[in-house]
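A.B. asks: Here my numbering is used: the first residue of the sequence shown is 55, the next is one more, and so on.
Before we start, here is the structure in question, set down as structure tokens.
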Amino acid sequence: MLLHQLVTVSEAVSATRKRLEKRRVLAALLREAGREQIALVVSYLIGRLPQGRIGFGPALLRDIGPGQAERASLTLVDLDAWVDEFAAVSGKGAKATRRKKLEQLWVRATENEGRFLYALLLGELRQGALEGLLIDAIAEATDVAAAQVRRATMLAGTPVPVAVAASCEGAAAVAAFRLRLMQGVQPMLAQPGELESCFSGDGEYMLEYKLDGARVQVHRRNEEVKIFSRQLHDVTRSLPELVEMAQALPANEFILDGEAIALREGGSPYPFQTTMRRFGRRSNVDEMRAQLPLSMFIFDCLHLDGEDLLDLPLFKRLEYLDDLAPALRPPRRQASSSDDALAFLDAAFDAGHEGLMVKDLRSLYQAGSRGADWRKIKQVHTLDLVVLAAEWGSGRRQGWLSNLHLGARDADDSFVMLGKTFKGLTDAMLSWQTEQLLARETARDGHVVYVRPELMVEIAVNEIQRSPHYPAGLALRFARVKAFREDKTAEEADTITAVQELFAKQGAVREPD
Numbered sequence: 055m056l057l058h059q060l061v062t063v064s065e066a067v068s069a070t071r072k073r074l075e076k077r078r079v080l081a082a083l084l085r086e087a088g089r090e091q092i093a094l095v096v097s098y099l100i101g102r103l104p105q106g107r108i109g110f111g112p113a114l115l116r117d118i119g120p121g122q123a124e125r126a127s128l129t130l131v132d133l134d135a136w137v138d139e140f141a142a143v144s145g146k147g148a149k150a151t152r153r154k155k156l157e158q159l160w161v162r163a164t165e166n167e168g169r170f171l172y173a174l175l176l177g178e179l180r181q182g183a184l185e186g187l188l189i190d191a192i193a194e195a196t197d198v199a200a201a202q203v204r205r206a207t208m209l210a211g212t213p214v215p216v217a218v219a220a221s222c223e224g225a226a227a228v229a230a231f232r233l234r235l236m237q238g239v240q241p242m243l244a245q246p247g248e249l250e251s252c253f254s255g256d257g258e259y260m261l262e263y264k265l266d267g268a269r270v271q272v273h274r275r276n277e278e279v280k281i282f283s284r285q286l287h288d289v290t291r292s293l294p295e296l297v298e299m300a301q302a303l304p305a306n307e308f309i310l311d312g313e314a315i316a317l318r319e320g321g322s323p324y325p326f327q328t329t330m331r332r333f334g335r336r337s338n339v340d341e342m343r344a345q346l347p348l349s350m351f352i353f354d355c356l357h358l359d360g361e362d363l364l365d366l367p368l369f370k371r372l373e374y375l376d377d378l379a380p381a382l383r384p385p386r387r388q389a390s391s392s393d394d395a396l397a398f399l400d401a402a403f404d405a406g407h408e409g410l411m412v413k414d415l416r417s418l419y420q421a422g423s424r425g426a427d428w429r430k431i432k433q434v435h436t437l438d439l440v441v442l443a444a445e446w447g448s449g450r451r452q453g454w455l456s457n458l459h460l461g462a463r464d465a466d467d468s469f470v471m472l473g474k475t476f477k478g479l480t481d482a483m484l485s486w487q488t489e490q491l492l493a494r495e496t497a498r499d500g501h502v503v504y505v506r507p508e509l510m511v512e513i514a515v516n517e518i519q520r521s522p523h524y525p526a527g528l529a530l531r532f533a534r535v536k537a538f539r540e541d542k543t544a545e546e547a548d549t550i551t552a553v554q555e556l557f558a559k560q561g562a563v564r565e566p567d
């Protein structure tokens, strides 16, 4: 199969909002790929290389330009072989050799293929072929029930082996996927919500502090422990104190779902970025552990001593967890209404945490965001910032200026960039901002259009975090557009001093050295 066919489908998926049409074109591609190449197709569509991380950084792609081929000839097998060769390069002169191999690939890629490869190799592919959508497409292409494909994908941690099993052997092979110790399980996720809308008339809910740490999944078989990150990367070597905590629990086998977080002496949390300094580290682990020890909180139990618990309601799973590790559970209480939860939410904020989790005690464990079963209530800050530039969109946003470069006002009335966002923009907003920004254009650099700093936008943000990528050393976390503020001028933009003060209030100025 030509890479061109996959790129064409990827662009078609991005260009439409119609879920049935997305599923149809994806299913057709999967059928054409067949047993031999379906693993590559699914891997590339979800933006992952089958080889995993291959040491690819943005510096290699600097000044690479568009794909240079006039006609499509690059196959999926060619690309897979190229990645194998690229990953194998090491030793003296490796950087130059990798650059040469990259240029050889770009000579064979068309312009559209080059754009796709740029995003794929950097792990930044965003084309609408999300795993949930692919699950439906796999089901349609193979005549296996979507519910079976979804459950098998959760248990396998990725849709790739499920697609292969469904294509080669059918429903029986998909149904054979089981929860396995020492193999990561896709996590259940929560949807954002407002406190008042989280409670139904007849439900009972578990409230837990929303900890701004790093999601961890802890597996144990006898004395062996494995810890997986939210993305199911094995992070065991980086977190020895969590391994010891797991080994101290009174069971031989378990799979636990929880959060790792760095806490100050008084129990208040460090910012998320501080906790993440511990993850992925392979050197000086003991030194970092002494400097920045992690705590672990467990909020779910998926397996315990030979018994799978996925199909039990949450209140039953929590009974098992209370028997196993009551001291590791986060602060919690039951509630049946928002009135019951208000004081607990205030207590979470006062303790320095993000907010609350609200979980239906009847809910089963299912990967992804499962409706209103789990909801997260978080404190949100808003900032009035200036648009400094914007990037041309791709896929469905082709022809519109999309990704906004955002800046705060400095003391000399210049502007300091704090980050980018394309989230929260409707089609009407995209059309309007494209017209407004082009009218203010001052320069272009590739796909970036620079503008006069006049257009004001209200941005919702969960947190300010440290960043070496922006001049002020700060960046916006989970930034999204709330509204354009035509009623305000750039002189009324929030100052970089105000942003620094917000950062300081989060306690980030007291990070350990």
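Ideal Cβ positions, reconstructed from N, Cα and C, are used throughout, including at glycine.
1) What separation, rounded to the nearest whole angstrom, lies between the Cα atoms of L57 and A173?
2) For V79, which residues of its own chain have a beta-carbon under 7 Å away from its beta-carbon, when the five flanking residues on both sides are left out?
3) Tell me whether P112 is buried or exposed, calling it buried when 16 or more other Cβ atoms sit within 10 Å of its Cβ.
4) Can you list, in chain order, the residues of its chain with a C-beta nearer than 7 Å to that of D365? Leave out the 5 residues immediately preceding and following it.
5) When the Cα atoms are used, what is the spatial distance from R531 to C222?
6) For L556, which of helix, strand or coil comes out of DSSP?
7) By the 10 Å Cβ neighbour count, where 16 or more other Cβ atoms means buried, how is R232 classified, buried or exposed?
8) Over the uninterrupted beta strand (DSSP E) stretch that includes S349, give me the two end residues.
9) Nearest CA to the CA of L348: which residue from A381, E313, H287?
10) As a quick exercise: from A206, I118, D138, pick the residue whose alpha carbon is nearest that of E165.
11) DSSP on W454, reduced to helix/strand/coil?
12) State whether the segment 303-320 contacts the segment 197-209, with contact taken as three or more CB pairs (one from each stretch) at a distance under 8 Å.
13) Helix, strand or coil: which one does DSSP assign to Y172?
14) Between Q240 and E277, how many whole angstroms is the CB-CB distance? I'm expecting something under 8 Å.
15) Using DSSP with H/G/I as helix, E/B as strand and the rest coil, what is D467?
16) Check I281 in the structure and name its three-state DSSP category.
17) For E517, collect the residues of the same chain with a Cβ closer than 6 Å to its Cβ; drop the 5 residues on either side in sequence, then sort them by chain order.
18) Assuming F469 and V511 are in contact, meaning their beta carbons sit under 8 Å apart, how far apart are those beta carbons, in whole angstroms?
19) Looking only at its own chain, which residues have a Cβ that is under 7 Å from the Cβ of G186, when we skip the five neighbours before and after it?
20) To the nearest angstrom, how far is it from the Cα of S391 to the Cα of E250?
21) Under DSSP, the beta strand (DSSP E) around I108 begins and ends at which residues?
22) Would you grab the beta carbon distance between A305 and D359 for me? Rounded to a whole angstrom, and I think it's under 8 Å.
23) Could you compute how far the alpha carbon of F49 sits from the alpha carbon of E555?
24) How would you call Q105, buried or exposed, if buried means at least 16 neighbouring beta carbons within 10 angstroms?
25) Could you give the DSSP three-state label for K154: helix, strand or coil?
26) Rounded to the nearest angstrom, what separates R564 and P522 at their Cα positions?
27) Provide the residue(s) that pair with T129 in DSSP beta bridges, ordered along the chain.
28) What is the C-beta distance between I513 and L442, in whole angstroms, given that I count them as a contact (C-beta under 8 Å)?
29) Give the DSSP-derived three-state secondary structure of G186 in the structure shown.
30) Note the first and the last residue of the continuous alpha helix (DSSP H) segment covering M330.
31) Where does the unbroken beta strand (DSSP E) through E408 begin, and where does it stop?
32) What does DSSP give as the partner residues of H273 in its beta bridges?
33) Answer with buried or exposed for K559, where buried requires no fewer than 16 other C-beta atoms within 10 angstroms of its C-beta.
34) Please state whether DSSP places V96 in a helix, a strand or coil.
35) Quick check on DSSP: helix, strand or coil for P525?
36) Output needed for L30: all residues of its chain with C-beta closer than 7 Å, excluding positions within five of it in sequence on either side, in chain order.
C.D. replies: Let me spell this out:
1) Taking the sequence shown and counting its residues from 1, the one referred to as residue 57 is at position 3. Taking the sequence shown and counting its residues from 1, the one referred to as residue 173 is at position 119. Between L57 and A173, the C-alpha separation is close to 14 Å.
2) Along the sequence shown, read from residue 1 onward, the residue named residue 79 stands at position 25. Correct list, in chain order: V63, A66, V67.
3) As a first step, residue 112 is located in the sequence shown; it is residue number 58 there, counting from the start. When all chains shown are included, P112 counts as exposed.
4) Stepping through the sequence shown from its first residue, residue 365 is reached at position 311. Closer than 7 Å at the Cβ level, and outside the excluded window around D365, lie L418.
5) Walking along the sequence shown from the start, residue 531 turns up at place 477. Walking along the sequence shown from the start, residue 222 turns up at place 168. Taking the straight line from one Cα to the other gives about 43 Å.
6) As a first step, residue 556 is located in the sequence shown; it is residue number 502 there, counting from the start. Note: L556 maps to helix in three-state DSSP.
7) For the purposes of this step, residue 232 is identified with residue 178 of the sequence shown, where counting begins at 1. Exposed, by the Cβ-count rule.
8) If you number the sequence shown from 1, residue 349 lands on position 295. First-last of the beta strand (DSSP E) with S349: 348-358.
9) To locate residue 348, count along the sequence shown from 1; it is residue 294. Comparing Cα positions, the closest option is E313.
10) Taking the first residue of the sequence shown as position 1, residue 165 is located at position 111. E165 has its Cα closest to that of I118, out of A206, I118, D138.
11) Along the sequence shown, read from residue 1 onward, the residue named residue 454 stands at position 400. In the three-state scheme derived from DSSP, where H, G and I count as helix and E and B as strand, W454 is classed as coil.
12) no
13) On the sequence shown, position 118 is the one that residue 172 refers to. Correct three-state label for Y172: helix.
14) Walking along the sequence shown from the start, residue 240 turns up at place 186. Walking along the sequence shown from the start, residue 277 turns up at place 223. So it is not a contact: roughly 26 Å between Cβ atoms.
15) Taking the sequence shown and counting its residues from 1, the one referred to as residue 467 is at position 413. The answer is coil: DSSP assigns D467 none of H, G, I, E or B.
16) Residue mapping note: residue 281 aligns to position 227 of the sequence shown, counting from 1. In this structure, I281 counts as strand in the three-state DSSP scheme.
17) Position 463 of the sequence shown, counted from the start, is the residue given in the question as residue 517. Contacts found: R531.
18) Here residue 469 refers to the residue found at position 415 of the sequence shown. Here residue 511 refers to the residue found at position 457 of the sequence shown. No, F469 and V511 are not in contact; Cβ-Cβ is about 13 Å, not under 8 Å.
19) For this step, residue 186 is matched to residue 132 along the sequence shown. The beta carbon of G186 is closer than 7 Å to those of G422 in its chain, skipping five residues each way along the sequence.
20) By 1-based counting over the sequence shown, the position of residue 391 is 337. By 1-based counting over the sequence shown, the position of residue 250 is 196. One C-alpha to the other measures close to 8 Å.
21) Counting from one through the sequence shown, the residue named residue 108 turns up at place 54. Element bounds for I108: n/a, residue is neither H nor E.
22) As a first step, residue 305 is located in the sequence shown; it is residue number 251 there, counting from the start. As a first step, residue 359 is located in the sequence shown; it is residue number 305 there, counting from the start. Going by Cβ atoms, the distance from A305 to D359 rounds to 5 Å, so yes, they are a contact pair.
23) The question about residue 49 has no answer here: the residues shown for the chain are numbered 55 through 567.
24) The count along the sequence shown starts at 1 and reaches residue 105 at position 51. Q105 is exposed by the Cβ-count criterion.
25) Here residue 154 corresponds to residue number 100 of the sequence shown, with the count starting at 1. If DSSP states are grouped into helix, strand and coil, K154 belongs with the helices.
26) The residue labelled residue 564 in the question sits at position 510 within the sequence shown. The residue labelled residue 522 in the question sits at position 468 within the sequence shown. No answer about R564 holds up, because its pLDDT of 42 lies below 50 and its placement is not dependable.
27) For this step, residue 129 is matched to residue 75 along the sequence shown. For T129, which the question treats as bridged, DSSP gives the partners L56.
28) What you label residue 513 is simply residue 459 of the sequence shown in a count that begins at 1. What you label residue 442 is simply residue 388 of the sequence shown in a count that begins at 1. Wrong, their Cβ atoms sit about 13 Å apart, outside the cutoff.
29) Along the sequence shown, read from residue 1 onward, the residue named residue 186 stands at position 132. Three-state DSSP puts G186 in a helix.
30) In the sequence shown, the residue the question calls residue 330 occupies position 276. Here the alpha helix (DSSP H) through M330 covers 326-330.
31) Position 354 of the sequence shown, counted from the first residue, corresponds to residue 408. No beta strand (DSSP E) contains E408, which DSSP labels as neither H nor E.
32) Here residue 273 refers to the residue found at position 219 when the sequence shown is read from its first residue. Checking the DSSP bridge columns, you'll see H273 partnered with K280, I309.
33) Mapped onto the sequence shown, residue 559 falls at position 505. Burial call: exposed.
34) One-based indexing of the sequence shown puts residue 96 at position 42. Three-state DSSP puts V96 in a helix.
35) Locating residue 525 in the sequence shown gives position 471, counting from the first residue. If DSSP states are grouped into helix, strand and coil, P525 belongs with coil.
36) The structure shown does not extend to residue 30, since the chain spans only 55 to 567, so no value can be given for it.
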